[in-house]
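Student: Going by the numbering used here, the sequence shown wraps up at 186, each residue one higher than the last.
Below is a structure I'd like to ask you about.
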Amino acid sequence: MKKVNVVFGTVYGSAQFTAETIIKTIAKLGFSTKLWQPNELQGYIPAQDELLIVVCSTTGQGDIPEDIAPWFNELKTNAPYLPSLKYSLIGLGDSSYETFCGAIKQFDELFTELGAKPLLDKLEIDACETMEPEIEANTWIASWHNAVTSANAA
């Protein structure tokens, strides 16, 4: 089984809790996992033979949280070419804002620019509809797992 790296960016802790919840589920599916803390990300370039999941909340006017912004900026500046990387995105946001899930959309644009391929459509979790984003994300893992299984079979 492929290794799954999970990275999170959070302001109030919801994205971190969501990442911690899904990584347990992914491990139960038999994957090797690593949950990267924001302070561990300096110099981290996702391995292309592993899977990447980014869980990120949005702050301000569609901005990336301060804890993960240095890594985002480092990737944007260094622009490593990642054509074999398969990534998945979980965004936490509030649809009452025009910039709903703006941070995860920025990550999607960045990874596309770096040549990486999304494993499936990003999950955007709306705080106006759910108080427990980790439950919605955990349910989404079934779709993620099907996408991983399909990709490995191809």
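Ideal placement from N, C-alpha and C gives every residue a C-beta, glycine not left out.
Nearest to residue 65 by CA position, among 103, 83, 128 and 105, is which residue?
Tutor: 83
Student: Is residue 118 closer than 8 Å to residue 169 when the C-beta atoms are compared?
Tutor: no
Student: Relative to the alpha-carbon of residue 160, which residue among 137, 128, 113 and 166 has its alpha-carbon at the smallest distance?
Tutor: Of 137, 128, 113 and 166, the residue nearest in Cα terms is 128.
Student: Let me make sure I understand the geometry here. Which of 174, 70, 40 and 104 has the alpha-carbon closest to that of residue 145?
Tutor: 104
Student: Pick helix, strand or coil for residue 156, following the three-state DSSP scheme.
Tutor: Residue 156: strand per DSSP, three-state reduction.
Student: Determine which residues share a DSSP beta bridge with residue 85 and list them.
Tutor: 38 and 120
Student: State the Cα-Cα distance for the pair residue 102 and residue 135, rounded to the nearest angstrom.
Tutor: 13 Å
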